[in-house]
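Below is one structure; the comments refer to it alone.
Number of protein chains: 2
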Amino acid sequence: MKEKIKIGWIGLGRRGHFVLSSCVALMKDVEVKYICDLLDDKLKRTSDSFIERKIPCPIMTKDYRDILNDPEVDAIFVMTGWSGRPAIAIEAMHAGKYCAIEVGCSDTLEECFDLVKAYEETGVPVMMLENCCYCRRELAILNLVKQGLFGEIVHATGGYMHYLNKEELFREVENDDVKHYRLGYYINRNRESYPTHELGPISKTLSINRGNRMVRLNCITSKSVGLKDYTKEKLGADSKYSKMDYKQADVVTTLVTCANGQTIQLTLDTTLPRAHYSRNYSIRGTRGMSNEDSKAIFIEGMDEPVRDNELEMFEKYDHPLYVEYEKSKKLGGHGGIDWLVCRAFVESVKNQTQTPIDVYDTATWLSIGALTEMSIAQNGAPVDIPDFTNGKWQNREPVVRQKYCLDEIVDDPNTPIIP
Amino acid sequence: MKEKIKIGWIGLGRRGHFVLSSCVALMKDVEVKYICDLLDDKLKRTSDSFIERKIPCPIMTKDYRDILNDPEVDAIFVMTGWSGRPAIAIEAMHAGKYCAIEVGCSDTLEECFDLVKAYEETGVPVMMLENCCYCRRELAILNLVKQGLFGEIVHATGGYMHYLNKEELFREVENDDVKHYRLGYYINRNRESYPTHELGPISKTLSINRGNRMVRLNCITSKSVGLKDYTKEKLGADSKYSKMDYKQADVVTTLVTCANGQTIQLTLDTTLPRAHYSRNYSIRGTRGMSNEDSKAIFIEGMDEPVRDNELEMFEKYDHPLYVEYEKSKKLGGHGGIDWLVCRAFVESVKNQTQTPIDVYDTATWLSIGALTEMSIAQNGAPVDIPDFTNGKWQNREPVVRQKYCLDEIVDDPNTPIIP
Numbered sequence: 040m041k042e043k044i045k046i047g048w049i050g051l052g053r054r055g056h057f058v059l060s061s062c063v064a065l066m067k068d069v070e071v072k073y074i075c076d077l078l079d080d081k082l083k084r085t086s087d088s089f090i091e092r093k094i095p096c097p098i099m100t101k102d103y104r105d106i107l108n109d110p111e112v113d114a115i116f117v118m119t120g121w122s123g124r125p126a127i128a129i130e131a132m133h134a135g136k137y138c139a140i141e142v143g144c145s146d147t148l149e150e151c152f153d154l155v156k157a158y159e160e161t162g163v164p165v166m167m168l169e170n171c172c173y174c175r176r177e178l179a180i181l182n183l184v185k186q187g188l189f190g191e192i193v194h195a196t197g198g199y200m201h202y203l204n205k206e207e208l209f210r211e212v213e214n215d216d217v218k219h220y221r222l223g224y225y226i227n228r229n230r231e232s233y234p235t236h237e238l239g240p241i242s243k244t245l246s247i248n249r250g251n252r253m254v255r256l257n258c259i260t261s262k263s264v265g266l267k268d269y270t271k272e273k274l275g276a277d278s279k280y281s282k283m284d285y286k287q288a289d290v291v292t293t294l295v296t297c298a299n300g301q302t303i304q305l306t307l308d309t310t311l312p313r314a315h316y317s318r319n320y321s322i323r324g325t326r327g328m329s330n331e332d333s334k335a336i337f338i339e340g341m342d343e344p345v346r347d348n349e350l351e352m353f354e355k356y357d358h359p360l361y362v363e364y365e366k367s368k369k370l371g372g373h374g375g376i377d378w379l380v381c382r383a384f385v386e387s388v389k390n391q392t393q394t395p396i397d398v399y400d401t402a403t404w405l406s407i408g409a410l411t412e413m414s415i416a417q418n419g420a421p422v423d424i425p426d427f428t429n430g431k432w433q434n435r436e437p438v439v440r441q442k443y444c445l446d447e448i449v450d451d452p453n454t455p456i457i458p
Numbered sequence: 040m041k042e043k044i045k046i047g048w049i050g051l052g053r054r055g056h057f058v059l060s061s062c063v064a065l066m067k068d069v070e071v072k073y074i075c076d077l078l079d080d081k082l083k084r085t086s087d088s089f090i091e092r093k094i095p096c097p098i099m100t101k102d103y104r105d106i107l108n109d110p111e112v113d114a115i116f117v118m119t120g121w122s123g124r125p126a127i128a129i130e131a132m133h134a135g136k137y138c139a140i141e142v143g144c145s146d147t148l149e150e151c152f153d154l155v156k157a158y159e160e161t162g163v164p165v166m167m168l169e170n171c172c173y174c175r176r177e178l179a180i181l182n183l184v185k186q187g188l189f190g191e192i193v194h195a196t197g198g199y200m201h202y203l204n205k206e207e208l209f210r211e212v213e214n215d216d217v218k219h220y221r222l223g224y225y226i227n228r229n230r231e232s233y234p235t236h237e238l239g240p241i242s243k244t245l246s247i248n249r250g251n252r253m254v255r256l257n258c259i260t261s262k263s264v265g266l267k268d269y270t271k272e273k274l275g276a277d278s279k280y281s282k283m284d285y286k287q288a289d290v291v292t293t294l295v296t297c298a299n300g301q302t303i304q305l306t307l308d309t310t311l312p313r314a315h316y317s318r319n320y321s322i323r324g325t326r327g328m329s330n331e332d333s334k335a336i337f338i339e340g341m342d343e344p345v346r347d348n349e350l351e352m353f354e355k356y357d358h359p360l361y362v363e364y365e366k367s368k369k370l371g372g373h374g375g376i377d378w379l380v381c382r383a384f385v386e387s388v389k390n391q392t393q394t395p396i397d398v399y400d401t402a403t404w405l406s407i408g409a410l411t412e413m414s415i416a417q418n419g420a421p422v423d424i425p426d427f428t429n430g431k432w433q434n435r436e437p438v439v440r441q442k443y444c445l446d447e448i449v450d451d452p453n454t455p456i457i458p
């Protein structure tokens with residue numbers, strides 16, 4: 040086991056800078072040896088934040104290969120825009136570096152296969168940093184499900200229901216320069232481009248790639264009018280953003296069918312005004328259920344109707360990891376989920392073990408974007424989801440029996456979450 | 040206009056008896072001349088309830104053709120089990136009687152075409168009694184949408200999420216005799232068998248068959264384990280109901296795509312324990328939304344997040360029909376919706392006008408059951424929804440400009456809802 044690891048950080052956009060400066064830079068067992076971005080101002084912003092906090096300033100580079108060529112580096116974080124992350128990860132794996140990649144989808148199915156191939160050739164783990172797997176609600180429900188309190192699981196729903204127009208998409212377009220990578224996708228493509236915040240936790244709940252697998256999906260989309268309506272109203276009819284057509288549907292609904300007979304409903308809903316943010320997380324079993332929107336967690340035998348009892352049920356059924364996090368200094372962004380997911384990765388690197396979200400999970404989740412495009416093009420016809428494990432899902436056991444494991448509940452008090 | 044109409048009532052099961060005795064029998068402008076059922080005990084229960092209330096007891100018959108052959112009868116209500124309603128309706132139309140049919144699905148697509156053909160040959164209206172079209176929430180949202188307050192509508196969801204096992208399905212099986220028609224379907228078929236409580240209001244909100252139409256659907260289903268789990272637990276492993284397989288999936292998800300680009304998501308979820316009943320009604324537009332589960336009604340500009348503000352918004356945006364109902368003596372079951380939907384039909388008969396839910400609506404909604412079976416059999420492949428209007432949907436205007444009209448908001452104080 041390594042006492043301290045050295046990492047390189049690639050991508051210092053808003054999200055990359057935030058996770059680095061609020062989480063990983065604060066970890067005593069991590070030395071950030073490199074930071075990398077194509078833009079000088081991004082490099083400067085991050086290095087300034089290191090100087091401010093009196094943390095040794097990392098080496099700055101615009102070429103991520105400088106990091107991969109340094110034999111001292113144990114792991115890299117890939118926090119670049121949506122496209123091209125798997126290619127960097129593959130190079131990293133061949134250089135023997137653990138690789139964490141930010142949530143998202145691949146452009147093509149081939150990238151996903153290439154990622155699996157690189158892992159099988161090198162044995163070097165890659166992990167999608169799906170922070171929502173470590174959210175209080177998702178962890179408590181995982182705990183309830185793994186304890187069998189919901190009975191046999193039959194159906195799950197999840198969504199990314201977040202009005203992005205004003206908050207993100209058009210934040211930087213005043214100077215007529217499309218800077219947000221998501222906007223480019225929304226102009227050119229129609230797909231479920233952001234499923235993993237819900238699909239990650241659901242996959243773990245349904246034991247995907249470990250005794251179960253996602254077999255096929257159907258994807259159906261609404262028209263696309265939200266972005267045009269927004270830009271006309273907010274940027275004026277003469278803005279080039281008001282004159283263009285957006286291929287991205289306002290609401291994208293995907294149904295995944297699993298080998299063990301469960302269905303998973305995913306919704307992407309990011310371009311229309313919303314009453315509230317929601318991941319629309321719900322689980323339906325033969326003995327219980329949860330429903331994020333009505334804040335209900337129900338176990339058979341409870342008096343109906345049940346609503347707004349989530350907090351009370353969390354207190355009773357919180358996952359041991361969350362219980363420990365609650366007692367900590369509560370470091371990190373988004374209520375701790377960024378901290379926890381980064382710790383999950385760092386602990387794997389330190390212990391040279393498999394990551395709790397492994398290459399098969401990562402490839403499967405990445406593949407959704409490309410697969411939904413295929414189904415949409417055929418009016419929602421079923422499209423097979425590749426078995427990236429090549430049959431191994433039938434007998435795969437959880438390999439990481441440590442506190443960040445999402446395949447079973449492990450109470451492991453010997454690994455502090457604040458090192 | 041007729042001052043008083045004469046009706047015949049076919050089907051005196053739990054629902055038929057309830058709607059007749061709590062609504063239609065109390066209407067001063069309706070004479071119930073016939074009641075009809077195949078079973079003596081059902082006929083007796085209903086006639087006893089007439090005697091108890093000192094209302095003249097109707098003629099009892101086991102043959103509905105007795106009713107159709109009586110030239111004095113203006114209209115019939117078909118409240119029989121799920122199968123065979125369209126056939127009775129068609130006979131009634133050919134006999135010149137207005138026909139109301141209880142909510143449900145047809146067995147085959149042919150029945151739906153036959154219904155339309157009978158209407159086009161006879162000019163006699165038929166109306167599905169979709170009471171949820173007249174529910175406070177659904178009416179208020181219709182009002183908001185028709186006033187344009189949600190902007191352009193993009194997506195809608197609805198569901199029948201109601202745990203029926205203990206409440207209905209196995210209520211009468213103690214004597215080992217399957218009496219509930221729904222159970223027979225659940226044993227033998229896999230389909231979206233009960234979509235109209237949500238699809239009815241959504242159709243009216245999206246102007247289906249009047250400027251818009253449902254073009255195709257995809258239907259995807261989970262495994263079926265809820266009924267078996269329930270019967271094993273509650274009736275014992277030796278019960279014949281525990282030993283049989285149920286074809287009905289626990290969760291059935293249907294996506295409908297409309298000519299004007301909207302998507303409609305329907306969910307049937309009736310065989311697993313639930314935290315609360317829900318019709319999962321939600322509407323998404325470019326300027327606002329509603330969400331039943333979080334009880335949110337949101338119009339752009341309101342401070343986010345918005346939750347639990349439904350009642351407040353209802354008070355501001357209640358449909359004029361509901362406002363009037365609230366001031367009335369509140370007759371009828373299910374919070375007035377049974378009363379209102381029956382009044383809608385009775386007013387059409389009295390005025391010899393078209394019904395607010397017409398033959399095209401009825402046929403379209405009835406067709407969903409058969410169409411979803413076709414899609415399920417092909418793993419959710421798209422299945423075309425017939426255009427029952429034969430192209431007329433492009434130019435059809437609301438023909439009923441009276442208070443029960445669901446195609447536009449009509450404030451019509453001259454027709455009392457309690458005659």
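Protein chains in written order, with the numbering used here: chain A, 40 to 458; chain B, 40 to 458. Cβ coordinates follow ideal geometry from the N, Cα and C atoms, glycine included.
C-beta neighbour in chain E for residue i, strict 9 Å
i	result
residue 328 of chain B	Protein chains in the displayed structure are A and B, and chain E is not among them.
Buried versus exposed, by CB contacts within 10 Å (16 or more), residue i
i	result
residue 312 of chain A	buried
residue 283 of chain B	exposed
residue 146 of chain A	buried
residue 400 of chain A	buried
residue 69 of chain B	buried
residue 434 of chain B	exposed
residue 157 of chain A	buried
residue 377 of chain A	buried
residue 92 of chain B	exposed
Short CB-CB distance (under 9 Å) between residue i and chain B
i	result
residue 374 of chain A	no
residue 343 of chain A	yes
residue 95 of chain A	no
residue 314 of chain A	yes
Nearest neighbour of residue i, chosen from the options [CA to CA]
i	options	result
residue 246 of chain A	A:99, A:125, A:438	A:438
residue 219 of chain B	B:122, B:152, B:434, B:208	B:208
residue 126 of chain B	B:113, B:112, B:148	B:148
residue 111 of chain B	B:86, B:137, B:129	B:137
Interface flag, residue i vs chain A, CB-CB below 9 Å
i	result
residue 337 of chain B	yes
residue 300 of chain B	yes
residue 274 of chain B	no
residue 420 of chain B	yes
residue 426 of chain B	no
residue 262 of chain B	yes
Residue i versus residue j - alpha carbon distance
i	j	result
residue 340 of chain A	residue 404 of chain A	35 Å
residue 450 of chain B	residue 396 of chain B	18 Å
residue 44 of chain A	residue 302 of chain A	40 Å
residue 117 of chain A	residue 103 of chain A	10 Å
residue 225 of chain A	residue 413 of chain A	16 Å
residue 317 of chain A	residue 101 of chain B	54 Å
Helix, strand or coil at residue i [DSSP, three-state]
i	result
residue 380 of chain B	helix
residue 57 of chain A	helix
residue 127 of chain A	helix
residue 317 of chain A	strand
residue 363 of chain A	helix
residue 171 of chain A	helix
residue 260 of chain A	strand
residue 329 of chain A	strand
residue 48 of chain A	strand
residue 467 of chain A	Nothing about residue 467 of chain A can be read from this structure; chain A reaches only from 40 to 458.
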